[in-house]
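Residue numbers (this note's numbering), protein chains in the order written: chain A, 1 to 237; chain B, 1 to 237. Don't be surprised by glycine CBs; every beta carbon is placed ideally from N, CA and C. Okay, so here's the structure we're looking at.
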């Protein structure tokens with residue numbers, strides 16, 4: 001969590017968010033009006049936040065970065081539609097792509113693509129069209145919302161698409177609950193990833209390496225993933 | 001800056017980094033051995049960090065997130081080649097993509113692509129091949145290192161490529177020194193962006209919107225950019 005996020009929550013009269021994220025900042029909530037909202041209720045939550053912000057300072061809490069699959073866009077849209085001139089600040093955070101990456105080593109390092117496999121707001125055909133182009137870029141691809149009870153086969157389909165453009169030894173990382181309780185990280189390859197899909201759930205982030213990504217041998221520890229930036233083509237080390 | 005980054009720097013015996021980033025954490029450096037290294041000396045810096053880490057705890061400082069065009073990969077590579085079993089942690093941060101996005105409103109919101117225009121370590125033809133596929137995805141594209149003294153025309157070329165796949169009213173945001181001294185943000189469109197290329201330098205991040213991205217009218221303030229997540233297709237607000 002950034003210093004600015006901490007400061008903004010500490011200075012707010014009301015804090016509104018999904019219960020999971022409110023629990024993670026429980027120590028900052030003493031003495032504040034706290035409004036717990038549930039998943040799927042994002043539009044109601046944004047409306048409530050704008051309504052409360054007419055008279056008080058309100059913090060809307062998202063996990064990761066609120067501008068990446070978070071609450072920023074819907075709050076700004078609802079505010080715009082309301083016609084109210086209420087000042088608003090989007091406080092950036094550490095998004096799951098780089099939080100997960102840091103637990104694997106340095107799988108992103110340079111250019112990369114972020115794609116969500118959730119088809120709640122984007123049609124599945126459009127997601128697959130984007131995935132196809134992303135894998136053709138041969139840069140690392142980060143999958144958000146890789147798997148849920150209602151979408152058991154999307155991740156397998158994405159891995160099959162990747163395998164058409166990348167060799168089977170391409171590293172794949174699964175990170176569950178990055179920087180949260182119950183954190184787990186695992187490294188496999190595109191050739192073997194399908195066997196381990198059962199380990200992935202909606203709290204996981206999946207990183208599929210690109211051209212040049214390779215397994216990183218940490219001394220003693222489990223394996224990681226590294227995507228060299230290309231210094232090795234110019235320097236000896 | 002995250003709490004964890006602050007903690008790690010505070011706990012280190014030596015701190016090594018580019019002078020620009022060391023100056024930003026000057027208040028944390030009292031009593032520590034500080035090694036200022038210059039741009040272009042990343043391999044030497046990584047070697048020095050590994051050498052010092054044999055006997056002391058060392059923090060290598062990057063701007064943004066060290067795993068995105070930062071020092072993480074080269075430090076891990078040098079450490080691996082050294083064969084030394086020194087424990088290492090990559091501390092994630094707020095990368096320029098989301099820092100810049102937050103200053104513009106919510107231009108990313110969902111899927112996006114990150115590409116650097118620097119051809120120091122990636123050939124220009126490869127960068128343009130990636131850009132072409134990225135713009136065909138029609139999701140927002142974030143350009144790092146958009147322009148420097150030695151690369152005055154790369155940004156113009158990238159904007160021309162974008163214009164082949166996206167309409168001229170597509171919003172484009174320039175953010176200079178996001179969350180740092182001298183911060184500036186400006187919003188234009190793909191049709192007019194070329195006229196304003198002179199405002200962009202190596203401290204800027206450029207965000208080119210995707211299908212669905214639009215200008216966001218903030219009450220009173222300058223314009224911003226919003227990429228709706230798609231709630232508007234399912235809800236009334």
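Own chain residues within Cβ distance below 6 Å of residue 101 of chain A, not counting five before or after: Here residue 101 of chain A refers to the residue found at position 101 when the first chain is read from its first residue. Excluding sequence neighbours, residue 101 of chain A sits near 107 and 108.
Would you mind telling me which residues of chain A sit closer than 9 Å to residue 101 of chain B, beta carbon to beta carbon, in chain order? Counting from 1 along the second chain, the entry for residue 101 of chain B is found at position 101. Among the residues of chain A, those whose CB is under 9 Å from the CB of residue 101 of chain B are 65, 67, 68, 72, 90 and 92, following chain order.
Got a sec, what are the start and stop residues for the alpha helix (DSSP H) residue 21 of chain B sits in? As a working mapping, residue 21 of chain B is identified with position 21 in the second chain. Start and end: 19-24.
Is residue 189 of chain B close to chain A, meaning its C-beta is less than 8 Å from at least one C-beta of that chain? By one-based count along the second chain, residue 189 of chain B stands at place 189. So no, residue 189 of chain B is outside the interface.
Do residue 93 of chain A and residue 65 of chain A come within 8 Å of each other at the CB atom, strictly closer than that value? Against the first chain, residue 65 of chain A aligns to sequence position 65. Against the first chain, residue 93 of chain A aligns to sequence position 93. Yes, Cβ-Cβ distance for residue 65 of chain A and residue 93 of chain A is below 8 Å.
Please decide whether residue 217 of chain B counts as near chain A, where near means a Cβ-Cβ distance under 8 Å. Locating residue 217 of chain B in the second chain gives position 217, where the first residue counts as 1. Yes, residue 217 of chain B counts as interfacial toward chain A.
Quick one: Cα of residue 58 of chain A to Cα of residue 13 of chain A, how far? The residue you call residue 58 of chain A lines up with position 58 of the first chain. The residue you call residue 13 of chain A lines up with position 13 of the first chain. Computed Cα separation, rounded: 6 Å.
So if DSSP puts residue 14 of chain A in a beta bridge, which residue, or which two residues, is it bridged to? By 1-based counting over the first chain, the position of residue 14 of chain A is 14. In the DSSP output, where bridge partners are listed per residue, residue 14 of chain A has A/33 and A/58.
Is the region 165-184 of chain A in contact with the region 208-222 of chain A, if contact means three or more CB pairs nearer than 8 Å? A contact exists between the region 165-184 of chain A and the region 208-222 of chain A.
Please tell me whether residue 225 of chain A and residue 173 of chain A are closer than 8 Å, where the distance is taken between their beta carbons. For this step, residue 225 of chain A is matched to residue 225 along the first chain. For this step, residue 173 of chain A is matched to residue 173 along the first chain. A contact, by the Cβ cut-off of 8 Å.
Look at the Cβ atom of residue 97 of chain A, then the Cβ atom of residue 139 of chain A, and state whether they are nearer than 8 Å. For the purposes of this step, residue 97 of chain A is taken as the residue at position 97 of the first chain. For the purposes of this step, residue 139 of chain A is taken as the residue at position 139 of the first chain. Not a contact, by the Cβ cut-off of 8 Å.
Any C-beta of chain A under 8 Å from that of residue 39 of chain B: For the purposes of this step, residue 39 of chain B is taken as residue 39 along the second chain, with counting starting at 1. No, no contact with chain A.
Pick out whichever of B/105, B/2 and B/153 has its Cα sitting closest to the Cα of residue 95 of chain A. What you label residue 95 of chain A is simply residue 95 of the first chain in a count that begins at 1. Distances from the CA of residue 95 of chain A to each of B/105, B/2 and B/153 were compared; the closest alpha carbon is that of B/2.
Any C-beta of chain B sitting closer than 8 Å to the C-beta of residue 231 of chain A? Your numbering for residue 231 of chain A matches position 231 in the first chain. Against chain B, the CB of residue 231 of chain A has a partner CB under 8 Å away; the residue lies at that interface.
Is residue 124 of chain A buried or exposed, if buried means 16 or more other CB atoms sit within 10 Å of its CB? Residue 124 of chain A sits at position 124 when you count from the first residue of the first chain. The residue is exposed, with fewer than 16 neighbouring Cβ atoms inside 10 Å.
Taking a contact to mean a Cβ-Cβ separation below 8 Å, would you say residue 17 of chain B touches residue 61 of chain B in this structure? Residue 17 of chain B sits at position 17 when you count from the first residue of the second chain. Residue 61 of chain B sits at position 61 when you count from the first residue of the second chain. Contact: yes.
Is it true that the CB of residue 32 of chain B sits closer than 8 Å to the CB of residue 15 of chain B? Locating residue 15 of chain B in the second chain gives position 15, where the first residue counts as 1. Locating residue 32 of chain B in the second chain gives position 32, where the first residue counts as 1. Going by C-beta atoms, residue 15 of chain B is nearer than 8 Å to residue 32 of chain B.
Inter-residue spacing [alpha-carbon to alpha-carbon] between residue 44 of chain B and residue 35 of chain B: Residue numbering aside, residue 44 of chain B sits at position 44 when the second chain is read from its first letter. Residue numbering aside, residue 35 of chain B sits at position 35 when the second chain is read from its first letter. Between residue 44 of chain B and residue 35 of chain B, the C-alpha separation is close to 12 Å.
Since residue 74 of chain A contacts residue 126 of chain A with CB under 8 Å, what's their CB separation in whole angstroms? Stepping through the first chain from its first residue, residue 74 of chain A is reached at position 74. Stepping through the first chain from its first residue, residue 126 of chain A is reached at position 126. Residue 74 of chain A to residue 126 of chain A, Cβ: 20 Å. No contact.
Three-state secondary structure (DSSP) of residue 144 of chain B: On the second chain, residue 144 of chain B is found 144 positions in, with the first residue counted as 1. It is a strand residue.
In the DSSP assignment, the beta strand (DSSP E) including residue 249 of chain B goes from what residue to what residue? The structure shown does not extend to residue 249 of chain B, since chain B is modelled only from 1 through 237, so no value can be given for it.
Please go through the same chain and pick out, in chain order, the residues whose beta-carbon is closer than 7 Å to the beta-carbon of residue 79 of chain A, but skip the five residues on each side of it. Numbered from 1 along the first chain, position 79 holds the residue referred to as residue 79 of chain A. Spatial neighbours of residue 79 of chain A in its own chain (CB-CB distance under 7 Å, excluding positions within 5 residues in sequence) are listed in chain order as 50, 86 and 88.
Could you check whether the Cβ of residue 44 of chain B sits closer than 7 Å to any heavy atom belonging to the ligand MN? This structure does not include the ligand MN; it has no bound ligands of any sort.
Range of the contiguous beta strand (DSSP E) that encloses residue 176 of chain B: By 1-based counting over the second chain, the position of residue 176 of chain B is 176. Run containing residue 176 of chain B: 171-176, per the beta strand (DSSP E) assignment.
Identify the residues that DSSP records as bridge partners of residue 243 of chain A: which are they? Beyond the ends of chain A as shown, which are 1 and 237, falls residue 243 of chain A; an answer cannot be given.
Per-residue burial, residue 77 of chain A [other beta carbons within 10 Å of its own, 16 or more giving buried]: Stepping through the first chain from its first residue, residue 77 of chain A is reached at position 77. Buried.
Among B/194, B/195, B/187 and B/113, the one whose alpha carbon lies nearest that of residue 104 of chain B: The sequence position of residue 104 of chain B within the second chain is 104, counting from 1. Among B/194, B/195, B/187 and B/113, the Cα nearest to that of residue 104 of chain B belongs to B/187.
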